[in-house]
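*Asks:* Before we start, here is the structure in question, set down as structure tokens.
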Amino acid sequence: MTPIKYNLENIKKNIPSNVKLVAVSKTKPEADIIEAYNCGQIIFGENRIQELQQKKQNINLPIQWHMIGNLQSNKIKYISEFITLIQSVSSFKLLTDINNEAKKINRIIPCLLQIHIAKEETKSGFLESELLNLLEKNNLQEFKNIRIDGLMGIATFTNDTRQVEKEFKSLNALFNKLKSEYLNNTNFTELSMGMSNDYMIAIEQGSTMVRIGSSIFGDRVYS
Ligand SMILES: *Cc1c(COP(=O)(O)O)cnc(C)c1O
């Protein structure tokens, strides 16, 4: 396996300086996170609350933690104090529940709305039509303890680059539509798209934030 430092340097060569890099450290040991941090990596993404909470507790470094995985309402409280960005807000109920938890601790929690762009049914997120319907009725201003910073999407896992490109293009179009018609506040700026296999395509299609795991830390082994 190539060293983390080398992988990080390689990726940084490929991404413009205005695109944020989230190092996705799920399933990886704390030593890997510390190693990446020592190479200058600040933002880390995790997809399980318990693992995220444990790593946050054990690693005493000024890391910016992003939640990128499916979120259960009853677990929001475990990350609400420290989470920098929740990227995986995929329902009105989650908006409500995150807002309530944030209110309890007097915080405004930055969030991204996750949009379902892939062909796979298993992936979660708002359907575009569902979100537009919601915003027609409700501009989300009631959620005083949430700041909506942008959108996140996961493309179909496929070698068909045209399909992936099409999905990222549609997410970018939705982002621009929301920005001009519904969420025209200054904070709505992030378009989180692109992973190890497709981040170059995502950047071409306007990504401002890529989430990269295996190309930094090596393949994940699930037990
Ligand atoms: C695991 C994961 C990633 C990173 O995937 P890689 O293919 O390892 O880069 C990015 N985004 C989300 C939401 C993930 O769950």
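In terms of the numbering used here, the sequence shown is numbered consecutively and its last residue is 223. Glycine included, each C-beta is placed from N, C-alpha and C at the ideal position.
Taking DSSP as the reference, what is the three-state secondary structure of SER214?
*Replies:* Working through the sequence shown from its first residue, we reach residue 214 at position 214. Reduced to three states, the DSSP call for SER214 is helix.
*Asks:* Comparing the CB of SER240 with every heavy atom of ligand 1, is any distance shorter than 7 Å?
*Replies:* In this structure the chain extends from 1 to 223, so residue 240 is not present and cannot be described.
*Asks:* The alpha helix (DSSP H) that contains LEU21, what's its start and end?
*Replies:* Position 21 of the sequence shown holds residue 21. LEU21 -> not in any alpha helix (DSSP H); beta strand (DSSP E) instead, spanning 20–24.
*Asks:* Name, in chain order, the residues that DSSP records as bridge partners for MET200.
*Replies:* Position 200 of the sequence shown, counted from the first residue, corresponds to residue 200. In the DSSP output, where bridge partners are listed per residue, MET200 has none listed.
*Asks:* I'd like to check one pair, ILE76 with ASP97: are the Cβ atoms closer than 8 Å?
*Replies:* Sequence index remark: in the sequence shown, residue 97 carries index 97 (1-based). Sequence index remark: in the sequence shown, residue 76 carries index 76 (1-based). For ASP97 and ILE76, yes; Cβs fall inside 8 Å.
*Asks:* Closer than 8 Å by C-beta to LEU112: which residues in its own chain qualify, once you throw out the five before and the five after it? Chain order, please.
*Replies:* Taking the first residue of the sequence shown as position 1, residue 112 is located at position 112. Cβ within range, chain order: LEU85, ILE86, GLN87, SER88, VAL89, ILE148, ASP149, GLY150, LEU151, MET152, GLU190, SER192.
*Asks:* Over the uninterrupted alpha helix (DSSP H) stretch that includes VAL164, give me the two end residues.
*Replies:* Within the sequence shown, numbered from 1, the residue matching residue 164 stands at position 164. Secondary structure note for VAL164: its alpha helix (DSSP H) is the uninterrupted segment 161–181.
*Asks:* Taking the CB atoms as reference points, tell me whether VAL19 and THR161 lie closer together than 8 Å.
*Replies:* Position 19 of the sequence shown holds residue 19. Position 161 of the sequence shown holds residue 161. No.
*Asks:* In chain order, what residues of the same chain have a beta carbon less than 7 Å from the beta carbon of SER215, not counting five sequence neighbours either side?
*Replies:* If you number the sequence shown from 1, residue 215 lands on position 215. By the criterion of a C-beta distance shorter than 7 Å, SER215 is surrounded in its chain by ASN7, ILE11, SER196, once the five residues flanking it on both sides are discounted.
*Asks:* For a test of your reading of the model: does the CB of LYS77 fall under 7 Å from any non-hydrogen atom of ligand 1? Yes or no.
*Replies:* Here residue 77 refers to the residue found at position 77 when the sequence shown is read from its first residue. No - ligand 1 has no heavy atom lying nearer than 7 Å to the Cβ of LYS77.
*Asks:* Could you spell out where the beta strand (DSSP E) holding SER88 opens and where it closes?
*Replies:* Residue 88 sits at position 88 when you count from the first residue of the sequence shown. Its beta strand (DSSP E) spans residues 85–89.
*Asks:* Since GLU251 sits in a beta bridge, which residues does DSSP pair it with?
*Replies:* The structure shown does not extend to residue 251, since the chain is modelled only from 1 to 223, so the question has no answer here.
*Asks:* Would you call the stretch 161–181 and the stretch 42–60 touching, i.e. three or more CB-CB distances under 8 Å?
*Replies:* no
*Asks:* With DSSP as the reference, label GLN114 as helix, strand or coil.
*Replies:* Numbered from 1 along the sequence shown, position 114 holds the residue referred to as residue 114. Residue state, collapsed to three classes: strand.
*Asks:* Between MET195 and ligand 1, is the CB less than 7 Å from at least one heavy atom?
*Replies:* By 1-based counting over the sequence shown, the position of residue 195 is 195. Result yes, Cβ under 7 Å from ligand 1.
*Asks:* Quick one: what's got a C-beta closer than 7 Å to LEU94's C-beta in the same chain, skipping five residues either side?
*Replies:* To locate residue 94, count along the sequence shown from 1; it is residue 94. Cβ neighbours of LEU94 beyond the five flanking positions: LEU71, SER73.
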